[in-house]
Amino acid sequence: MVDLGNVQALVARSSTKPLLAVLLFRFGDPAHARAFLKQLMPRAAAGMAPDVGGPTFHFMFSWNGIEALMSGRAGYDVAQGRREFDIFFVDPTQAPDGGIAPQLGFLGASAPRTWWDRRFTSSQVDLAIHIGFDSPEQKSDCLAEVRRSAASSGVEEFALDGWDDRALSGCRPADGRLHFGYRDGITSPNVDWQDTGAAGSVDFREIVVGYPTEDYPTAPLRPGIWQDFARDGSFVGLSWVYQDVAGFNQFLKDNAPLAPANVDPAFAEEWVAAKLMGRWRHGSPLSRFPDGPPPRPELDDGFGYGDDSAGIKCPLGAHIRIVNCRDQPMKFANRVRFPKGPPRVVRRGFSYGPHLEGTQDDEKDRGVIGLFYFARINEQFYTLLRWMQKTDFSDAYSTIPNGLNAQDALIGNREEVKADKTFHVPLAAKSALTLQLKNFVRYKGVVILFSPSIAALRLMM
0 MVDLGNVQAL
10 VARSSTKPLL
20 AVLLFRFGDP
30 AHARAFLKQL
40 MPRAAAGMAP
50 DVGGPTFHFM
60 FSWNGIEALM
70 SGRAGYDVAQ
80 GRREFDIFFV
90 DPTQAPDGGI
100 APQLGFLGAS
110 APRTWWDRRF
120 TSSQVDLAIH
130 IGFDSPEQKS
140 DCLAEVRRSA
150 ASSGVEEFAL
160 DGWDDRALSG
170 CRPADGRLHF
180 GYRDGITSPN
190 VDWQDTGAAG
200 SVDFREIVVG
210 YPTEDYPTAP
220 LRPGIWQDFA
230 RDGSFVGLSW
240 VYQDVAGFNQ
250 FLKDNAPLAP
260 ANVDPAFAEE
270 WVAAKLMGRW
280 RHGSPLSRFP
290 DGPPPRPELD
300 DGFGYGDDSA
310 GIKCPLGAHI
320 RIVNCRDQPM
330 KFANRVRFPK
340 GPPRVVRRGF
350 SYGPHLEGTQ
360 DDEKDRGVIG
370 LFYFARINEQ
380 FYTLLRWMQK
390 TDFSDAYSTI
400 PNGLNAQDAL
410 IGNREEVKAD
420 KTFHVPLAAK
430 SALTLQLKNF
440 VRYKGVVILF
450 SPSIAALRLM
460 M
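Quick note on numbering that gives the first Met the number 0: the sequence shown kicks off at 0 and runs consecutively.
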């Protein structure tokens, strides 16, 4: 059982603040960094309680940041901590901008050399602070306060001058729709924080560390001071993702005429969009409503793919079918890796940039800032990124042309030379459509961080 009062709030639940921002920092002198954090860390939100008035803070650190703050602390051997923490957290070669970048889809226009507006690298980030605000005025005042504190403490902010706030900032759309028009926040896993084993829930060990078992061998594996430090913390994949809305809208328009005759031409673009995602854009799943959306969104997440092995209801390459394959059988090796089912993550984040209609690109930056929470970096976050780039994790994909080299219809990076760029859409009577996919997104920055527990935050001050 997890003490949710010891878990930072953004891990346990989504923020309800309408305005959000993430600021990135590099430490100088550790003593000065501690002084900076002492001013802010008491404002860290915890647990499941609703957001209160005023800014809400959430803190995330790189290993280098943790090492700087914990060096010299009685009983904490940081060299031992480096050996005990997840290797994909402490080893720069295993970082998103390291040698494994291409297999995660970070190549071409999404290559790490292009990230963070070429101002800094992911490995230079020691601290990220996520802040939620109630109003533009509150945001302006709070950002100014945090920046004054950082400057007076000798902590360097990695400012992004291309943004109005010089930081990753945006909003939680009032209608829940992101730039591609899809409703967001539908499939957040029901985390079993009380360890009841309830059907349909996700084991909390999939999200926070410090409770390793044979099925969930989370690091640090050994009982001791570093496992205690890590307990109730969660790894975070902080991602800046640009969305090519004009290109996406053009793709829908170009491919709408290929929809089968039973699809109303006025509705054909929505039909294509639903096939790419695996949901109608208002949120109802294709697996339950394959022929058309219900008048009102039906958001019950209790569905599977066991009765749709060919992908007639929901194409095999649809985004939600890859990132959560549910009851679709995985290959034997993956069933051994994931005995409790496919990897799951908690997804938070917000939209940024102005809304765009139509197919004319205004050359403005827009997309999503994603925060993905998990307990094992390689077995969860990196695995899902790999599956989006190459769908060879299930034998089901061998039933479609070159399916083991196919990609996620929405997120796949078409610059991967060996990838199949086609999207196979089965229809009735053994017929099918083949759509030629394009790049709809581009990664502009990814960094792996750690969201410590409230107790660990206090230790670092």
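No residue lacks a Cβ here, since even glycine has one placed at the ideal position from N, Cα and C.
These numbers come from a predicted model, not from an experiment.
Spatial neighbours of residue 203 in its own chain (CB-CB distance under 7 angstroms, excluding positions within 5 residues in sequence) are listed in chain order as 1, 190, 191, 192, 194.
For residue 155, the three-state secondary structure derived from DSSP is strand.
Of the candidates 57, 344, 106, 247, 344 places its Cα closest to the Cα of residue 206. Exclusion of the five residues before and after residue 305 leaves 326 as the residues of its chain whose Cβ lies within less than 6 angstroms of its Cβ. Annotation: the stretch 369–425 contains the following complete segments of the alpha helix (DSSP H) (minimum length 4 residues), in chain order: 382–388. Residue environment: residue 261 is assigned as exposed (fewer than 16 neighbouring CB atoms within 10 Å of its CB, all protein chains considered).
Residue range 86–89 is occupied by the alpha helix (DSSP H) that includes residue 88.
Rounded to the nearest whole angstrom, the CA to CA distance from residue 254 to residue 113 is 31 angstroms. Per DSSP, reduced to three states, the secondary structure at residue 440 is strand. By the criterion of a C-beta distance shorter than 7 angstroms, residue 179 is surrounded in its chain by 242, 244, 247, once the five residues flanking it on both sides are discounted. DSSP assignment within the stretch 36–80 yields the following whole alpha helix (DSSP H) runs of 4 residues or more, N-terminal first: 62–69. Residue environment: residue 361 is assigned as exposed (fewer than 16 neighbouring CB atoms within 10 Å of its CB, all protein chains considered).
For the 8 angstroms CB-CB criterion, residue 159 and residue 26 do not form a contact. Beta bridge pairing from DSSP links residue 344 with no other residue.
Taking C-beta atoms under 8 angstroms as the contact rule, residue 408 and residue 257 fail to qualify, at a distance of about 14 angstroms. Residue 145 sits away from residue 240, with the two beta carbons spaced by 8 angstroms or more. The straight-line gap separating the alpha-carbon atoms of residue 299 and residue 287 is approximately 9 angstroms. Closest by C-alpha distance to residue 122, out of 129, 375, 90, 201, is 90. By DSSP's assignment, residue 233 forms a beta bridge with 450. Closest in alpha carbon position to residue 23, among 341, 349, 445, is 445. If you ignore the 5 residues before and after residue 199, its C-beta comes within less than 7 angstroms of the C-beta of 189, 301, all in its own chain and listed in chain order. Going by DSSP, residue 128 is part of the beta strand (DSSP E) stretching over 126–132. Shortest Cα-Cα distance from residue 346 to any of 352, 364, 372 involves 372.
In the structure shown, residue 163 falls within a coil segment according to DSSP collapsed to helix, strand and coil. Taking the C-beta atoms as reference points, residue 18 is found no nearer than 8 angstroms to residue 129.
Two segments are said to touch when three or more pairs of C-beta atoms, one from each, lie closer than 8 angstroms; by this definition the stretch 82–97 does not touch the stretch 43–51. Boundaries of the alpha helix (DSSP H) around residue 11: 8–11.
In this structure, the CA atom of residue 53 is about 13 angstroms from the CA atom of residue 39. Counting the other Cβ atoms within 10 Å of the Cβ of residue 363 gives fewer than 16, which makes it exposed.
Assigned with DSSP and collapsed to three states, residue 313 falls in coil, not helix or strand. Judged by DSSP secondary structure, residue 272 falls within the alpha helix (DSSP H) whose first and last residues are 267–276. When 435, 415, 417, 459 are compared, the shortest CA-CA separation from residue 423 is found for 435. Spatial neighbours of residue 35 in its own chain (CB-CB distance under 7 angstroms, excluding positions within 5 residues in sequence) are listed in chain order as 148, 149, 152, 154. Taking a contact as a CB-CB distance under 8 angstroms, the pair residue 103 and residue 415 does not count as one, their CB atoms being some 11 angstroms apart.
Spanning the alpha carbons of residue 162 and residue 398 requires a straight line of approximately 46 angstroms. Setting aside the 5 residues that flank it on each side, residue 88 is surrounded in the same chain by 62, 234, 376, 447, 449, each with a C-beta closer than 7 angstroms to its C-beta; the list follows chain order.
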